[in-house]
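Numbering (the working numbering), first residue to last: 126 to 512. Written out below as structure tokens is the structure these notes cover.
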């Protein structure tokens, strides 16, 4: 049989974190698969950090990132760049991941070439096309194009079925981010940062915070930072670490509100490897990130989500994640409760992680090879049900 040429298209750090384990898994089948990696570099520096960590060199690199780029810029450059890449590489199948502009454009470019598309992390929905923006519509539009839908959870599968996606094309895999965590987090990690090392060694309860969502810029972020400031004043046992996003609109407000707090460490954005190892060391996570809602529960960390909606409701249902929005009083109350109520903290930290078992990449590869007639057994779908 000829090798199956599978092109994986991604462009941001979150996509790379979740697609690199899949690239490595495909390389285990050199007789059956020819993996091709194409990156748009929608995010340049952050993407490169992950590629280096997993030792993956792209076959195609569009390098489209420019200062001050808009969604129009990314869409235009990625679409035309991928047209040329697809014409040259002629893949049998294209895989895209999640919800970025690169994801949607990768699916669209493949559709224009009548190349089948597989959507990794398919079926996540909030039901609000503007929250998160533009991710929610990127997911839905990609789902409308895709032929294969690799849903991380049963909830995601249910969302797809409600949209009349054929059940034959849906396969529940777990999330590949858990695959990445299993190879990246390790005890005794050296952060090469004396302040971080000191904070980790202290008996303080550590809070890790990240904020970056477009819809949270401005007043919502100021409310969050003000709440954290009040938490620090009222809880001397707590210490906070805040890797600030490079967006000036984030950094300006963070420095205004939190810049002079003794037990709040405003630091530069971290590479993936040190960041997830730091997450393994802290006690509480405050975030508006999507991926962290999956990663932190796998590490046994309670997550307070600084959003009003989430496309990842499974951990909310399980109890390890709580949606708290961005209101000052809400953020203060939820954080204070975790700091001051050991029973509640234990309940959240020990909730079952619903997002995967570290075998999502294996499942996806088994599905692709089995579906295309190669002598590989199809793995059972991921489930959180105890056997």
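Backbone N, C-alpha and C fix where the C-beta goes; we use that ideal spot for every residue, glycine too.
My assumption, with CB atoms under 8 angstroms, is that residue i sits in contact with residue j. Please give the rounded CB distance.
| i | j | result |
| --- | --- | --- |
| residue 221 | residue 301 | Residue 221 to residue 301, Cβ: 13 angstroms. No contact. |
| residue 432 | residue 452 | About 12 angstroms; that fails the 8 angstroms criterion. |
| residue 445 | residue 409 | 12 angstroms between Cβ atoms; not a contact. |
| residue 394 | residue 357 | Actually they are not in contact, since the Cβ atoms of residue 394 and residue 357 sit about 22 angstroms apart, beyond 8 angstroms. |
| residue 494 | residue 403 | About 37 angstroms separates the two Cβ atoms, so there is no contact after all. |
| residue 504 | residue 486 | Rounded, the Cβ-Cβ distance is 11 angstroms, inconsistent with contact. |
| residue 231 | residue 207 | 6 angstroms |
| residue 422 | residue 458 | About 21 angstroms; that fails the 8 angstroms criterion. |
How big is the Cα-Cα spacing for residue i and residue j?
| i | j | result |
| --- | --- | --- |
| residue 216 | residue 147 | 17 angstroms |
| residue 189 | residue 237 | 20 angstroms |
| residue 219 | residue 258 | 24 angstroms |
| residue 447 | residue 430 | 6 angstroms |
| residue 134 | residue 424 | 28 angstroms |
| residue 366 | residue 498 | 50 angstroms |
| residue 261 | residue 254 | 5 angstroms |
| residue 340 | residue 372 | 13 angstroms |
| residue 383 | residue 376 | 10 angstroms |
| residue 360 | residue 417 | 25 angstroms |
| residue 200 | residue 434 | 26 angstroms |
| residue 329 | residue 323 | 10 angstroms |
| residue 205 | residue 180 | 27 angstroms |
| residue 241 | residue 462 | 49 angstroms |
| residue 303 | residue 278 | 13 angstroms |
| residue 392 | residue 137 | 21 angstroms |
| residue 439 | residue 496 | 28 angstroms |
| residue 295 | residue 362 | 47 angstroms |
| residue 467 | residue 182 | 46 angstroms |
| residue 282 | residue 143 | 19 angstroms |
| residue 472 | residue 348 | 27 angstroms |
| residue 145 | residue 506 | 21 angstroms |
| residue 239 | residue 161 | 18 angstroms |
| residue 474 | residue 256 | 27 angstroms |
| residue 209 | residue 184 | 13 angstroms |
| residue 192 | residue 510 | 47 angstroms |
| residue 153 | residue 251 | 36 angstroms |
Quick one, which of the options has its alpha-carbon nearest residue i's?
| i | options | result |
| --- | --- | --- |
| residue 478 | 451, 488, 472 and 443 | 443 |
| residue 286 | 417, 448 and 247 | 247 |
| residue 353 | 406, 418, 464 and 489 | 464 |
| residue 502 | 466, 169 and 489 | 489 |
| residue 280 | 441, 328 and 187 | 441 |
| residue 187 | 181, 179, 168 and 178 | 168 |
| residue 327 | 243, 407 and 439 | 407 |
| residue 484 | 233, 305 and 181 | 305 |
| residue 226 | 202, 239, 241 and 243 | 202 |
| residue 318 | 491, 126, 399 and 458 | 399 |
| residue 420 | 307, 144 and 177 | 307 |
| residue 344 | 316, 381 and 363 | 381 |
| residue 156 | 184, 183, 142 and 126 | 126 |
| residue 364 | 325, 348, 401 and 347 | 325 |
| residue 401 | 178, 209 and 508 | 178 |
| residue 316 | 474, 405 and 143 | 405 |
| residue 268 | 347, 508 and 233 | 233 |
| residue 346 | 456, 508 and 239 | 456 |
| residue 508 | 474, 348, 473 and 276 | 276 |
Do residue j and residue i come within 8 angstroms of each other at the CB atom, strictly closer than that value?
| i | j | result |
| --- | --- | --- |
| residue 223 | residue 140 | yes |
| residue 163 | residue 172 | no |
| residue 379 | residue 350 | yes |
| residue 249 | residue 436 | yes |
| residue 151 | residue 214 | no |
| residue 470 | residue 427 | yes |
| residue 235 | residue 266 | no |
| residue 129 | residue 158 | yes |
| residue 374 | residue 342 | yes |
| residue 229 | residue 284 | no |
Legend entry - Meets three-Cβ-pair contact criterion under 8 angstroms: the region 412 to 424 and the region 330 to 337: yes
Inset, instruction - Tell me, please, whether the region 380 to 397 touches the region 253 to 272 by the rule of three or more beta-carbon pairs shorter than 8 angstroms. - result: no
Inset, instruction - Taking 8 angstroms as the threshold, find out whether the region 467 to 483 comes into contact with the region 290 to 300 through three or more Cβ pairs. - result: yes
Legend entry - the region 277 to 294 / the region 308 to 319 touching (three or more Cβ pairs under 8 angstroms): no
Legend entry - Inter-stretch contact (C-beta, 8 angstroms, three-pair minimum) for the region 172 to 182 and the region 192 to 199: no
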